[in-house]
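J.:
2 protein chains.
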Amino acid sequence: MSLESIRYKRGSLEVLDQLLLPLQTKYIKIEGVEDGWKVINKMQVRGAPAIAIIGCLSLAIELLNDNSSDKKVMRQEIEGKLNYLVSARPTAVNIKLAADDLINLANSLSADESVSPEEFKERFIASIEGMLAKDIEDNKAIGRYGCEAILKSLEGDGLVRVLTHCNTGSLATAEYGTALGVIRSLHAAKRLEHVYCTETRPYNQGARLTAYELVHEKIPATLIVDSMVAALMHVRNIGAVVVGADRVAANGDTANKIGTYQIAIVAKYHNVPFYVAAPFTSIDMNISSGERIKIEERPENEMTHIGDRRIAAPGINCWNPSFDITPASLITGIITEKGVFLPETLKTLFAQ
Amino acid sequence: MSLESIRYKRGSLEVLDQLLLPLQTKYIKIEGVEDGWKVINKMQVRGAPAIAIIGCLSLAIELLNDNSSDKKVMRQEIEGKLNYLVSARPTAVNIKLAADDLINLANSLSADESVSPEEFKERFIASIEGMLAKDIEDNKAIGRYGCEAILKSLEGDGLVRVLTHCNTGSLATAEYGTALGVIRSLHAAKRLEHVYCTETRPYNQGARLTAYELVHEKIPATLIVDSMVAALMHVRNIGAVVVGADRVAANGDTANKIGTYQIAIVAKYHNVPFYVAAPFTSIDMNISSGERIKIEERPENEMTHIGDRRIAAPGINCWNPSFDITPASLITGIITEKGVFLPETLKTLFAQ
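Those sequence lines, one after another, are chains A and B.
345 is the number of the first residue of the first sequence in our numbering; add one for each residue after it.
345 is the number of the first residue of the second sequence in our numbering; add one for each residue after it.
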């Protein structure tokens, strides 16, 4: 049974506080968009798909308690609140695309005179609720396609060792996961020998969250620090790397957790296939290449401290970009809910 | 003024406890080889040159208080104690080579009938004391040669940005440092624009020790986590990487702190020169290639805990090799106290 990172039923939303994991399991009650913005910005929830779903669900909660009966006012409030939610983490694209879709929906419901204010509200909330089910369904498809692609590249019907970075599992999505969904599918197909997960400094999403999910699911796994990837590939036969994405540009360049670019270079050097697993909502055709993706820089104390404990020499400067860009040339394939694509084919795909 | 990691005068040895840095500055009194073994094994002191010097000095302290007047017994005790000291950290070669030299010295002093027991003791202790001065002198030469080589590869007389890994400064040597000695020389020559140092998980020697030395010396510096090297090379113009070595094999393959191999691959991808700075005592002509170097694996709790605080999910397995091997093909040059050499020329050099 997957970890439950989002507990939602109409009118009630709770999210698992990922900053307290793995030591404490505590849910935070979300009463509206302000709470939603806070849990995203403070990284109590993270992962591009989860950010989009939780942000939008926080709006659904707020709308349900809103007694407004003026559709124009509702439309305006929705647009303002969605823009506010998008501002909580600038690099993840999913919430931006979801917000655009929802603003379009609000516009058309508002313009359609046959729709009553109650129906507006009902249909708008139902549309947000649909994102939850769709995310799980999409992740399962990503898992199937990714499993297929990785097994196809193996000789014979042996087992495969896979490496992943950061956290892309149940905790980063509504359930199942993207890159971790692929690993889950390999395990379910009894073709996974072992998974290696990186610690993922400075926020340790790998050590805290991915390791937690892997232990929870009893998937054979080993933790390494981020600098061990090359040594691991040299001594163990790693069959594939699979990572998630915060935003994929039109040319296939991919923004993901800091360290992804480095792993891709090291994988190329060792001839290990390197896959990005991401739903179509992570692909941003409005951005032509990775160089144009804005990279969030986070505070220095995320690097210099673990909790209250200082781990770096006082007085040292830090550079703390949260993401980096992996060029399309280092990516073997992008695993989506519609199949696995070469990065350079995305443009044609979207044009169709 | 460099940090004082070793305080020695005849009969008295104190070493700086590097596990407590940067938060506490505390010296540990070493009364003999058992204390020496412990500070090396517990990593209260580290760095291949410092391990050799401190190990041998702990023997000098013990010998001074030894009232034996039988040269054969002394010779036997010396050999046993040196072998014991070498066992504290298996990957560093310097202490092994120093032990071999000292055992040879003890054999010849013991065999020479004109040497009294007192003279045996005096000459043996003086020989160990000579290692301290020689290490500082060698490091200064390494600094000069490394500075020269890096500046030669620059166009014009501009400033250079350099990246280093782990700690190779005053704290890893008797004083001045190897790779950090090169950086010190660049800074003294007013040709260093900036140095980037990696955190160096899991023991954080970069964040704790190198950052501490750089702040102490007012060298312009920025800390990054280990997974940021590729992103840094993409956005900043890095002129060279310079790292230390725990052991260099006859073919130029180099064992150094885990993560070095990964940085070398990433440097190659970005066409950044990659230098290893090490005294001749780190070169082991008895080992033909890196594949034959024994890699120490350290306990899991170094990865799962920071002090008493657990940072990884309970129940996860860990892999914790302390070193990796960088193949000679990724090394631009080996900076020694006798000049900078291509890795493939070491064999001819030693044959001469």
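Glycine residues also receive a C-beta, built at the ideal position from the N, C-alpha and C atoms.
Since we're looking at a predicted model, the values are computed, not measured.
#1: Taking only beta-carbon atoms, is L567(B) less than 7 Å away from chain A?
#2: If you draw a straight line from the alpha carbon of Y428(A) to that of M647(B), how long is it in whole angstroms?
#3: Within the 7 Å Cβ cut-off, does P546(A) reach chain B?
#4: Cβ of A575(A) within 7 Å of Cβ of V610(A)?
#5: If you measure between the beta carbons of I570(A) and T542(A), is that distance less than 7 Å?
#6: Show which residues of chain B have a CB atom less than 8 Å away from the CB atom of N661(A).
#7: Taking V559(A) as the query, report the chain B residues whose CB atoms sit under 8 Å from its CB, ordered along the chain.
#8: Going along the chain, which residues of its own chain have a beta-carbon closer than 6 Å to the beta-carbon of K425(B), five neighbours each way excluded?
#9: DSSP three-state call for L507(B): helix, strand or coil?
#10: Alpha carbons only, please: which of F618(A), I486(A) and S454(A) is nearest the one belonging to K682(A)?
#11: What separation, rounded to the nearest whole angstrom, lies between the Cα atoms of A455(A) and D410(A)?
#12: Going along the chain, which residues of its own chain have a beta-carbon closer than 6 Å to the beta-carbon of G525(B), five neighbours each way excluded?
#13: Is the separation between the beta-carbon of V684(A) and that of Y489(A) shorter than 7 Å?
#14: Give a yes or no on whether 7 Å exceeds the smallest Cβ distance from G603(A) to chain B.
#15: Are the C-beta of V377(B) and some C-beta of chain A separated by less than 7 Å?
#16: Buried or exposed: D590(B), going by 16 or more other Cβ atoms within 10 Å of its Cβ?
#17: So the candidates are R552(A), E688(A) and T435(A); which of them puts its Cα closest to the Cα of P665(A)?
#18: Is it the case that the segment 545-563 of chain A contacts the segment 358-365 of chain A, given that we only count it when at least three CB pairs across the two stretches are under 8 Å?
#19: Does the separation of the CB atoms of D633(A) and A593(A) fall below 7 Å?
#20: Cβ of N611(A) less than 7 Å from any chain B Cβ?
#21: Under 7 Å between beta-carbons, which chain B residues line up against S571(A)? List them in chain order, please.
#22: Just verifying my parser: in three-state terms, what is the DSSP assignment at K534(B)?
#23: Can you check whether the C-beta of I650(A) is within less than 7 Å of a C-beta belonging to chain B?
#24: Between I405(A) and Y371(A), what straight-line distance do the alpha-carbon atoms span, to the nearest angstrom?
#25: Roughly how many angstroms separate the alpha carbons of Q388(A) and V585(A), rounded to a whole number?
#26: For the alpha helix (DSSP H) that contains L326(B), what are its first and last residues?
#27: Only counting the same chain, and skipping five residues up and downstream in sequence, which positions put a Cβ closer than 6 Å to that of I422(B)?
#28: Does the beta-carbon of R653(A) have 16 or more other beta-carbons within 10 angstroms, so that it is buried, or is it exposed?
#29: Could you spell out the range, first to last residue, of the alpha helix (DSSP H) harbouring V437(B)?
#30: If you follow the alpha helix (DSSP H) that T692(A) is part of, which residue opens it and which one closes it?
#31: Note down, in chain order, every chain B residue with its Cβ under 7 Å from the Cβ of A599(A).
#32: Name the DSSP bridge partner or partners of F667(A)?
#33: Determine the chain B residues that contact R552(A) at a beta-carbon separation under 8 Å, and present them in chain order.
#34: Is A574(B) close to chain A, meaning its C-beta is less than 7 Å from at least one C-beta of that chain?
#35: Let me check understanding here. Comparing Cα to Cα, which of L530(A), T566(A), A396(A) and P687(A) lies closest to D597(A)?
#36: In the DSSP assignment, find the alpha helix (DSSP H) that holds Y428(A) and state where it starts and stops.
T.: Here's the rundown:
#1: The Cβ of L567(B) sits closer than 7 Å to at least one Cβ of chain A.
#2: Computed Cα separation, rounded: 39 Å.
#3: True, the Cβ-Cβ gap to chain B drops below 7 Å.
#4: Using a Cβ distance threshold of 7 Å, A575(A) and V610(A) do not count as a contacting pair.
#5: Checking the sequence shown, residue 570(A) turns out to be Asp, not Ile. Their beta carbons are under 7 Å apart, which means D570(A) touches T542(A) by this criterion.
#6: The answer, in chain order, is A565, T566 and L567.
#7: By Cβ distance, chain B contributes A657, P658, G659 and I660.
#8: If the five residues before and after K425(B) are omitted, its C-beta is found closer than 6 Å to the C-beta atoms of V377 and L403, all from its own chain and listed in chain order.
#9: The three-state secondary structure of L507(B), taken from DSSP, is strand.
#10: Taking only the C-alpha atoms, the option nearest K682(A) is I486(A).
#11: Those two C-alpha atoms are separated by around 20 Å.
#12: Closer than 6 Å at Cβ, skipping near neighbours: N483, I486 and G487.
#13: Yes.
#14: A Cβ of chain B is located within less than 7 Å of the beta carbon of G603(A).
#15: Closer than 7 Å: no.
#16: Counting C-beta atoms within 10 angstroms of its own C-beta, D590(B) has 16 or more neighbours from the protein chains shown and is therefore classed as buried.
#17: Nearest to P665(A) by alpha-carbon distance, out of R552(A), E688(A) and T435(A), is T435(A).
#18: At 8 Å Cβ cutoff, the stretches touch.
#19: In the sequence on display, residue 633(A) carries Ser and not Asp. With a cutoff of 7 Å on beta-carbon distance, S633(A) and A593(A) are scored as near each other.
#20: It is Ala, not Asn, that sits at residue 611(A) in the sequence shown. Output row for A611(A): interface = no.
#21: Those are R545, D570, I602, G603 and Q606, listed as they occur along chain B.
#22: In this structure, K534(B) counts as coil in the three-state DSSP scheme.
#23: It does; some Cβ of chain B falls within 7 Å.
#24: The C-alpha of I405(A) lies about 16 Å from the C-alpha of Y371(A).
#25: Straight-line Cα distance between these residues: approximately 26 Å.
#26: What is shown of chain B runs 345 to 696, which leaves residue 326(B) out entirely.
#27: Excluding residues within five positions, the ones whose Cβ falls inside 6 Å are A450.
#28: By the 10 Å Cβ count, R653(A) comes out exposed.
#29: Here V437(B) belongs to no alpha helix (DSSP H), and DSSP marks it neither H nor E.
#30: Segment L690 to A695, the alpha helix (DSSP H) holding T692(A).
#31: By Cβ distance, chain B contributes nothing, its closest Cβ being about 11 Å from A599(A), past 7 Å.
#32: DSSP output for F667(A) lists K601(A) as bridge partner(s).
#33: The contacting residues are I655, A656 and A657.
#34: Between A574(B) and chain A, the shortest Cβ-Cβ separation is below 7 Å.
#35: Comparing Cα positions, the closest option is P687(A).
#36: For Y428(A), the uninterrupted alpha helix (DSSP H) run begins and ends at K415 to V430, by DSSP.
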